[in-house]
Amino acid sequence: MQKTIIVFVLLISQIISAQNDSSTFQLKVNVDIASRYIWRGCDYFNSPALQPDMEAVYKNKIGMGAWGSMSFAPQPIQENDLFVFTNFDHFSIYVYDYFYMNQL
Numbered sequence: 195m196q197k198t199i200i201v202f203v204l205l206i207s208q209i210i211s212a213q214n215d216s217s218t219f220q221l222k223v224n225v226d227i228a229s230r231y232i233w234r235g236c237d238y239f240n241s242p243a244l245q246p247d248m249e250a251v252y253k254n255k256i257g258m259g260a261w262g263s264m265s266f267a268p269q270p271i272q273e274n275d276l277f278v279f280t281n282f283d284h285f286s287i288y289v290y291d292y293f294y295m296n297q298l
């Protein structure tokens, strides 16, 4: 299991999006490893968590994405968030949908 996760992290971290500053479409992919999965101030299962995210942006104005967090604990907590957003000159508006694969 740990080898699979390590390979997954290495593969995802190697994704390179072919884009330049004048492109109309951008795809961003990140993977983080957090020391703990903390939800609303509570440390669940005292375990590290893998937190991937992806974001697609069109003309730097509108976009959508997904973010997740999966703990390494024996009873894993899996949070998945979907979002859409729009950018203006001095601010942005985001709308999120939070959902959990397991009960907290």
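298 is the number that the numbering used here gives the last residue of the sequence shown; the numbers go up by one with no jumps. Virtual Cβ for every residue (Gly too), placed ideally from N, Cα, C.
Following the continuous beta strand (DSSP E) through residue i, name the residue where it begins and the one where it ends.
i, result
"Lys222", "Phe219 to Ala228"
"Ala250", "Ala243 to Tyr252"
"Phe285", "From DSSP, Phe285 is part of no beta strand (DSSP E); its letter is neither H nor E."
"Met258", "Ile256 to Ser265"
So is residue i buried or exposed if we call it buried at 16+ other beta carbons inside 10 Å?
i, result
"His284", "exposed"
"Ile209", "Only weak support is given to the placement of Ile209: the predicted model assigns it a pLDDT of 49, under 50, and the value that follows is read from those uncertain coordinates. Counting Cβ neighbours within 10 Å, Ile209 comes out exposed, since fewer than 16 surround it."
What do you reckon, are the CB atoms on residue i and residue j nearer than 8 Å?
i, j, result
"Phe266", "Ser229", "no"
"Met248", "Val223", "yes"
"Leu276", "Ala260", "yes"
Which residue's Cα is closest to the Cα of residue i: the options?
i, options, result
"Lys250", "Met295, Asp291, Tyr294 and Ser217", "Lys is not the amino acid found at residue 250; the sequence shown has Ala there. Comparing Cα-Cα distances from Ala250 to each of Met295, Asp291, Tyr294 and Ser217, the minimum goes to Ser217."
"Gly262", "Asn254, Pro268, Tyr252 and Glu273", "Glu273"
"Lys255", "Val225, Met295, Phe239 and Gln220", "Gln220"
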